[in-house]
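Below is one structure; the comments refer to it alone.
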Amino acid sequence: MLHIPFCSHVVPAVWRVQYDVGPVPKRHPHNWAAGIDSLSARWTLASCAVLAFSCPGTRHSVRRAGKERFGPAVKESLENAFQVAHRLGHLEKGAVGTDHLLVGMAVAQQSAASRALRAVGVTAEGLEEKLADLKPSEASKDPPNAIEVLTPPLEAEAMFYLRRASGMLRWLPTEPGADRMLGTEHIMLGFLSNGSHAAGKLLLAFDGEGFDRTVTKFDSGAGGAASNPRRAALRKALMEIVNEGRGDASATEPALTERGQLSPSSPASGADGRPIDRFAPDLTALAKEGRLDPFTGREALLSRVERALGRRMKRNVLLVGDPGVGKTAVVEALAQRIAAGRAPTWLAGKRLRSLDVALLTAGTRLRGDFEERLRFLLEDVDQEGSVLFIDEAHTLIGAGATGSSPQNAADILKPVLARGQLQCIAATTMEEYFQYFSRDAALERRFELVEVEEPTAQETVVVLEGLRNHYERYHGVRFQDAALASAALWSERYLPERKLPDKAIDVMDRSAVLAKGRGGGGGTDKVFVETEDVAAALEESVGMSPGSVSEVEARSILDLEEALRARVRGQEAAVRLVAAAVARARVQLQELHRPIGSLLLYGPPGVGKTSLAAALAEVSLGSRSAMVRIDCASASSAEGAGAALVKGVRRRPHSVVLIDEADKAQPEFLGLLLEVLEEASLTLPGVEGVGRADFRHTVIILTSNDPAGPSSLPRALADRLDGWACMRSLTSETLREVFDGLVEDFQGRLQRSYPMAYIEPSDRWREEVLAKIGTFLAWHRHPTIVRARGFGTFMAAGRVRRLAAQLEARPVAGELAPLAGKVAIVTGASSGVGAALSRRLAERGCGVVVNFSKSADDAAKVAEGCAASGAQVLLCQADVATDAGCEKLVAETVKRFGRVDFLVNNAGTTKFVHHGDLEGLNSADFRRIYDLNAIGAFNMIRLCAPHMRKAGGGRVVNVSSVAGAYHTVGSSVAYLMSKAALNALTAVMAKVLGPEIVVNAVCPGFIEGRWLREGMGPDLYDYVKDRLETSIPMKAVATRTK
């Protein structure tokens, strides 16, 4: 049943058809609607023709195609073609073909194709007459029925050229928002590109000499346009009509050249509108403009490429090498030589163009689009005499092939390369070469293979020297010679998964950015890129901790051994073995295709085998996270352990690989280790997503608890080890050293979290630990225990570590615990140390009483900052130099919080008078200073002590001064006497209030800040500050925060 509403629905829509051609469709058998006038349905013909409704034997897939649509001339031509085919009786056993479509376009008098045909003497009547002679048939006397009009049967060849014309239209850009309208000129251009179709035969029959069958050629010889004058004249007439704006297409559509290319007026075309300018930029032009990086070194490689291009036949080069070794740089260097006139005579004056494969294939959705585009491009290359560079050439192999058209780009290139009509430089990786080129012998033998090896670090330094000026000019920096050498050497060492010179150039670029950021990015002073910047760039790339590369590279072999000995006590033989392996690598004496070292450490548990591996990672690579650990005892399968090993080393190519408890490993995993020790690489073909790991920059340490040592491993594996060491049981003296080392480690961890904290083990605590160690050793050295376990001290170091952790955690954790729920009074908190301390207490959750006497605004800001931390804050104005002020401060605190836990007597005052100026002070000055600095502190302690006892204890900190301790410094005699009195008060209060209330004093010296600067005067302040910064060990004065 015919659904007329469906036809009316598809009229405004434009469609693109993708189909698989079966047998030629027959005329639709139904004729029940023959009474419908064909003219009433003509307006749907174009849409129905493109839809090519499901005729028997044809399969279609229809989808919308944006704003592409047939122009009126094409619609009229399709109607005319159908009428001609019906009139000649060709629809009885056939369908509308390209010959009918040619006649239909000629009949459409106003179409561009008709005007072009008439211009060369081809008439519609003549074409129809010749068509009748070529395809004699009984003419149909009945008018076409409505079904035939609505569903015109199109031959597959006609549909193909309609789709080719549509593809040509989509290739051409239009103004944004403009409709893309298909004209008869597009269909005619498709016909002229190839003569092997029914329309071509009809033209041949019309004028045998003028319309000889032709195919696209890459020269103007036989078969080309020059030997077909009528065809050339028809193409020229058609182009004149189109480029004068008299074509069927939209006026906004860009003009076409003779072969369907963009005209120079099109914004998307190149300099002269050719495909070569769009898809293959001119590298020699870029070289003349100075837009290519300079090339230095590797002259032999460049000369070999030039000689290969000078051959008579097979003058094509295939550059094969790993990514990053400089294949593209070689081609750019050749372009620069040609541009500078320094190329050999056979390359002089040539253009070197780089093919953009992605752009070439983009938009080629229909069969024949890619082939046509590539043929046009190759013809332009041949006419221009250019050398074509195809980077990532393997992406071009297979491009253009479809299920219905197996021909690909390689099939198009091979005959052109064989005839010597194309000079080409292709580049690909070794992996893709074996995957694509080596399997196609006909393609492979058209090229001369040139393998691009990775340059050495020394050769890379020469490359970086050549690039130095470009990067200095771009970043506005200056590279030190040592920085360039470090970029080459260190990138080779720390980035083994990538290749030189690319990785060194990347490090050079990163280090310039870091150096410029360090210099602030402004000012006129030139910033120098130093080795520290290179190290920082590498650390950022590899994921190492900041400063680790500089520290590792600066450390000598002797320093390495000492650092390991300090971390692992009592194992001299093992430390020397490990340090020697690293030493060989540092002086470049290791075997090239083996790991840095492969060692076996065996001995009882807990003697430091794993600790030594971790220490090596920390000392030599800057971080314990640089250790890849595989626990053979807990590995569920050899495949899983192997995958974990490969992934770990791929993630950290520079690492210490610890194969823990290798004596418990599965035999299959030991077989993988054998491959690693022999080839320094490992690939797991049966495991997806793992890849290949490079072990050349790793130290492999196997551990074993078996007393047999290397005898516990397979003979083949043991023979490939570089050495082994037995780690003996630890003596009591060694365990004490281990304990001291653990205390030092704990001190370091403590200061990382709390920079001003310091732990000093008391004699009582040390004796407690050593007593427990002695008891532990006595039990484990009992003869029965020794015989049962085969070793002496079992897990001794691990036991000491746990013991020390338990003992040190108790007191320290209490000191550093959060202060939520506690309340602290800080006197003189509006500025300086008092303000900083108030904020710090608030950050730890403590309730804070911010006391001030005069500076209300500053105190309010401090209170606001404390409140921002989420703490409860009380802002209280009180002069603690008076009894009333102290009583007010404590009373308001207790009223608000109900308790007092901490008191910081920070309020203080002075008068700046030289110690020798005895007339500068009077009794009033002494009383004022003493009232606040000493008497006020006593009153605050007196008033707070009862509340501290009620709360279960408390802490008092008196902020004193070095003036009160040494009596030779200080702002005045009165000040140092008051601080000496405060120190004495601290000692007395600690004795009478302790241990329930702990009283301490801090005695800071020079504190950087406004209060001291205003009191001393700017000149004296700066003088004293400079003197202190050059004389004291820390080379810096204190700040209020510290």
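The sequence shown begins at 62 in this note's numbering and counts up one residue at a time. Glycine included, each C-beta is placed from N, C-alpha and C at the ideal position. Predicted, not measured: the structure shown is a model, and the values here were computed from it.
Go through its chain and collect everything with a Cβ distance to residue i's Cβ below 6 Å, but skip five positions before and after it.
| i | result |
| --- | --- |
| P659 | One point to set straight first is that residue 659 is Ser, not Pro, in the sequence displayed. Answer for S659: L738, I761, L782 and D783, listed in chain order. |
| N1061 | V1018 |
| R559 | G385 |
| G269 | Residue confidence is low: G269 scores 48 on pLDDT, short of 50, so the model does not pin down where it sits. Its coordinate-derived value is still stated next. Same-chain partners within the cutoff: there are none. |
| A286 | Here A286 scores only 38 on pLDDT, less than 50, and its place in the model should not be relied on; the value that follows carries that caveat. Answer for A286: A293, listed in chain order. |
| G895 | V887, G889 and N967 |
Quick one: what's got a C-beta closer than 7 Å to residue i's C-beta in the same chain, skipping five residues either side?
| i | result |
| --- | --- |
| K375 | R507 and E509 |
| D441 | R335, P336 and I337 |
| G165 | S138, L139, N141, A142 and V145 |
| K6 | Because residue 6 is not part of the residues shown, which for the chain are 62 to 1103, the question remains open. |
| A1024 | V1030, G1031, Y1036, L1037 and K1040 |
| R176 | I302 |
| R713 | A687 and V689 |
| F973 | S1032, S1033, G1076 and M1077 |
| M1009 | V961, D962, G1015 and I1058 |
| L661 | L763, S765, G770, P771, L782 and W785 |
| L416 | F340, A341, L449, F450 and I451 |
Just the Cα atoms here: how many angstroms apart are residue i and residue j?
| i | j | result |
| --- | --- | --- |
| F450 | L395 | 11 Å |
| G1014 | W551 | 58 Å |
| A945 | N1044 | 24 Å |
| E633 | P666 | 17 Å |
| T1047 | A627 | 40 Å |
| R224 | L483 | 30 Å |
| E740 | L731 | 14 Å |
| R630 | N766 | 19 Å |
| N966 | L979 | 29 Å |
| R757 | L561 | 16 Å |
| L733 | L525 | 39 Å |
| V157 | G387 | 56 Å |
| G481 | E492 | 27 Å |
| S568 | R579 | The sequence shown places Val at residue 568, rather than the Ser named in the question. Using only the alpha carbons, I get a separation of about 16 Å. |
| H151 | I248 | 22 Å |
| A777 | A635 | 22 Å |
| A624 | A897 | 38 Å |
Provide the residue(s) that pair with residue i in DSSP beta bridges, ordered along the chain.
| i | result |
| --- | --- |
| I720 | I691 and L763 |
| N966 | N1019 |
| G908 | V884 |
| Q938 | F913 |
| L416 | I451 |
| C787 | Y663 |
| D343 | R414 |
| G658 | V760 |
| V568 | In DSSP, V568 forms no bridge with anything. |
| F540 | V590 |
| L215 | V157 |
| E509 | V378 |
For residue i, which residues of its own chain have a beta-carbon under 8 Å away from its beta-carbon, when the five flanking residues on both sides are left out?
| i | result |
| --- | --- |
| A409 | I399 and G402 |
| G358 | P516, E520, V523, V524 and G527 |
| A1051 | V1059, V1060 and N1061 |
| V951 | I886, V961, M1001, L1004, C1005 and H1008 |
Alpha helix (DSSP H) segments (min. 4 residues) lying fully within the segment 471-497: For the segment 471-497, not a single whole alpha helix (DSSP H) run of length 4 or above is found.
Do three or more CB pairs link the segment 589-603 to the segment 529-549 at distances below 8 Å? A contact exists between the segment 589-603 and the segment 529-549.
Please go through the segment 723-756 and give each complete alpha helix (DSSP H) segment of 4 or more residues, from N-terminal end onward. 728-740
Continuous beta strand (DSSP E) assignments of at least 3 residues falling wholly in the segment 1034-1077: 1058-1063
Length-filtered (4 minimum) alpha helix (DSSP H) runs lying within the segment 982-1015: Counting only runs of 4 or more, we get 984-991 and 997-1011.
Determine, using beta-carbon pairs with one atom in the segment 567-575 and one in the segment 591-603, whether at least three such pairs fall under 8 Å. Judged by Cβ distances under 8 Å, the segment 567-575 makes contact with the segment 591-603, as three or more pairs qualify.
For the pair the segment 922-939 and the segment 905-912, tell me if three or more CB-CB distances fall below 8 Å. Three or more Cβ pairs closer than 8 Å define a contact, and the segment 922-939 meets that threshold against the segment 905-912.
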